[in-house]
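J.: The listed protein sequences correspond, in order, to chains A and B.
If you're matching positions, the first sequence starts at 0 in numbering that gives the first Met the number 0 and goes up one per residue.
If you're matching positions, the second sequence starts at 0 in numbering that gives the first Met the number 0 and goes up one per residue.
Sharing a structure here in structure tokens format.
Number of protein chains: 2
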Amino acid sequence: MLSNSSKYAIKAVLYLAINSNEEKKVTVKDISTPINVPQAYIAKLLQELVKADIISSTRGPKGGFYLNEVNKNQPVINILNVIDGEKRLTSCMLSLEKCKEEKPCPLHNILSPSRKKITHLLHLKSIKDLATEVQLGNAFLPL
Amino acid sequence: MLSNSSKYAIKAVLYLAINSNEEKKVTVKDISTPINVPQAYIAKLLQELVKADIISSTRGPKGGFYLNEVNKNQPVINILNVIDGEKRLTSCMLSLEKCKEEKPCPLHNILSPSRKKITHLLHLKSIKDLATEVQLGNAFLPL
DNA sequence: AATATTTTATGATAAAAATCATATTTAAGA
DNA sequence: TCTTAAATATGATTTTTATCATAAAATATT
Ligand code: FES
Ligand code: FES
Numbered sequence: 000m001l002s003n004s005s006k007y008a009i010k011a012v013l014y015l016a017i018n019s020n021e022e023k024k025v026t027v028k029d030i031s032t033p034i035n036v037p038q039a040y041i042a043k044l045l046q047e048l049v050k051a052d053i054i055s056s057t058r059g060p061k062g063g064f065y066l067n068e069v070n071k072n073q074p075v076i077n078i079l080n081v082i083d084g085e086k087r088l089t090s091c092m093l094s095l096e097k098c099k100e101e102k103p104c105p106l107h108n109i110l111s112p113s114r115k116k117i118t119h120l121l122h123l124k125s126i127k128d129l130a131t132e133v134q135l136g137n138a139f140l141p142l
Numbered sequence: 000m001l002s003n004s005s006k007y008a009i010k011a012v013l014y015l016a017i018n019s020n021e022e023k024k025v026t027v028k029d030i031s032t033p034i035n036v037p038q039a040y041i042a043k044l045l046q047e048l049v050k051a052d053i054i055s056s057t058r059g060p061k062g063g064f065y066l067n068e069v070n071k072n073q074p075v076i077n078i079l080n081v082i083d084g085e086k087r088l089t090s091c092m093l094s095l096e097k098c099k100e101e102k103p104c105p106l107h108n109i110l111s112p113s114r115k116k117i118t119h120l121l122h123l124k125s126i127k128d129l130a131t132e133v134q135l136g137n138a139f140l141p142l
């Protein structure tokens, strides 16, 4: 469904959404343990996310990663699109070149509605939305 | 979503559902081209499928792969479970050890219903069902 | 029985994804 | 301005997945 990398990325971003802001930045060392992802690995992912404007960062002492308001209000799908690419969730499940209603593969007619719903929801829900669910105790994060 | 291997496997099984039976077996050489999968690769997959009783085969001259009635009436999910393993479609989308309603990850509450629907439909639909859709012209196969 | 045709078993190679490692750059604070 | 703490850039290594190759076993046909 999702690659390992994008799972890690989502966990990291949600962690930042809950535990950081412009004044309180989080270092790669401090995020690695609570989200249970190897430090060197999450470091690389965070760098990609910064470059894609999903999260923010500053270097040097007192630096670290954080989410500003613009970051928080992005849809969750942005994370997946950066890490996994847009096609992962939308390309044909049998790898036909063009996935469309006019020439559907045998899985399309039965599964496409559910898949579309998934991507729709990922567009609809913002990072902040998910973070709020965690804060309300309606959802939980690792370990 | 699905591995390359299980996409290939589904295409192959559907091809057999449409083009084979006990009297008319299909050789690995004859299936490779129409489903557009390298011969050595699909050969290996077909062997796994035979071992798992998803499809049937006989060796020697006039031998080949085919689907009997029992094979055809199996749910499509059987193919995926053999090739990709059962967890691929059901394990937590953020890799939490246990994916369940009582302690859902932040993606669970929003996406789990759609995912459950997908696996439910894959249980519900038989290989024959999908083959019929192709034969009726409601779905299409590669190239 | 011999031959030819097919699957089966087994493993080798290549490509991609996941993971690890480190030198460089930036910025804060003494 | 020097030192230190952080991200950034870059690339190496490992593991997994995908792909390719082939000798052995089985069966139909002659
Ligand atoms: S054509 Fe295959 S999923 Fe749409
Ligand atoms: S707990 Fe993550 S998908 Fe169910």
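Every residue gets a Cβ at the ideal spot worked out from N, C-alpha and C, and that includes glycine.
Compare the C-beta of B:His107 with all C-beta atoms of chain A and state if any pair is closer than 9 Å.
T.: It does; some Cβ of chain A falls within 9 Å.
J.: Any heavy atom of ligand 2 closer than 8 Å to the beta-carbon of B:Leu102?
T.: Note on identity: in this sequence residue 102 of chain B is Lys, with Leu being the wrong assignment. At least one heavy atom of ligand 2 is nearer than 8 Å to the Cβ of B:Lys102, so yes.
J.: Identify the continuous beta strand (DSSP E) that holds A:Thr26 and give its terminal residues.
T.: Looking at the DSSP string, A:Thr26 is not in any beta strand (DSSP E), and its letter there is neither H nor E.
J.: Counting only C-beta atoms, is B:Ser31 closer than 9 Å to chain A at any point?
T.: Not one chain A Cβ lies under 9 Å of B:Ser31.
J.: Would you say B:Lys116 touches ligand 2, meaning its beta carbon is less than 8 Å from a heavy atom?
T.: No - ligand 2 has no heavy atom lying nearer than 8 Å to the Cβ of B:Lys116.
J.: Helix, strand or coil: which one does DSSP assign to B:Pro141?
T.: Coil at B:Pro141, not helix or strand.
J.: Any Cβ of chain A within less than 9 Å of the Cβ of B:Asn3?
T.: Chain A contact via Cβ: present.
J.: Are A:Asp83 and A:Leu1 closer than 9 Å when you measure CB to CB?
T.: For A:Asp83 and A:Leu1, yes; Cβs fall inside 9 Å.
J.: I want to see whether chain B comes within less than 9 Å of A:Glu132, judged by CB atoms only; does it?
T.: Judged by the 9 Å Cβ criterion, A:Glu132 is in contact with chain B.
J.: Can you list, in chain order, the residues of its chain whose CB lies under 8 Å from that of B:Asp29, leaving out five sequence neighbours each side?
T.: Cβ neighbours of B:Asp29 beyond the five flanking positions: Gly63.
J.: Of all the options B:Leu66, B:Thr89, B:Ile76, which has the alpha carbon lying nearest to the alpha carbon of B:Thr26?
T.: Among B:Leu66, B:Thr89, B:Ile76, the Cα nearest to that of B:Thr26 belongs to B:Leu66.
J.: Check for me: the alpha helix (DSSP H) holding A:Ser5 runs from which residue to which?
T.: From DSSP, the alpha helix (DSSP H) with A:Ser5 extends over 3 to 18.
J.: DSSP beta-bridge partners for A:Ser56?
T.: DSSP lists A:Phe64 as partners of A:Ser56.
J.: Between the region 91 to 110 of chain B and the region 49 to 61 of chain B, can you find at least three pairs of beta-carbon atoms closer than 8 Å?
T.: At 8 Å Cβ cutoff, the stretches do not touch.
J.: Where does B:Ser111 sit, in a helix, a strand or coil, going by DSSP?
T.: Reduced to three states, the DSSP call for B:Ser111 is helix.
J.: Which residue comes first and which comes last in the alpha helix (DSSP H) that contains B:Leu45?
T.: Unbroken alpha helix (DSSP H) run through B:Leu45: 38 to 50.
J.: Would you say the beta carbon of B:Cys91 is closer than 8 Å to some non-hydrogen atom of ligand 1?
T.: No.
J.: Excluding the 5 residues preceding and the 5 following A:Lys124 in the sequence, name in chain order all residues of the same chain whose CB lies nearer than 8 Å to its CB.
T.: The residues are Pro74, Val75.
J.: Checking the sheet assignment: what are the DSSP bridge partners for B:Ser125?
T.: According to DSSP, which records beta bridges pairwise, B:Ser125 is partnered with B:Pro74.
J.: Contact criterion: CB-CB distance below 9 Å. Does B:Pro74 meet it with respect to chain A?
T.: No, B:Pro74 lies away from the interface with chain A (no Cβ there is under 9 Å from its Cβ).
J.: In three-state DSSP terms, what is A:Thr32?
T.: A:Thr32 falls in the helix class under three-state DSSP.
J.: Considering only residues of the same chain and omitting the five flanking positions on each side of B:Pro37, which have a CB-CB separation below 6 Å?
T.: If we look at B:Pro37 and ignore the five residues flanking it on each side, it has no Cβ neighbours.
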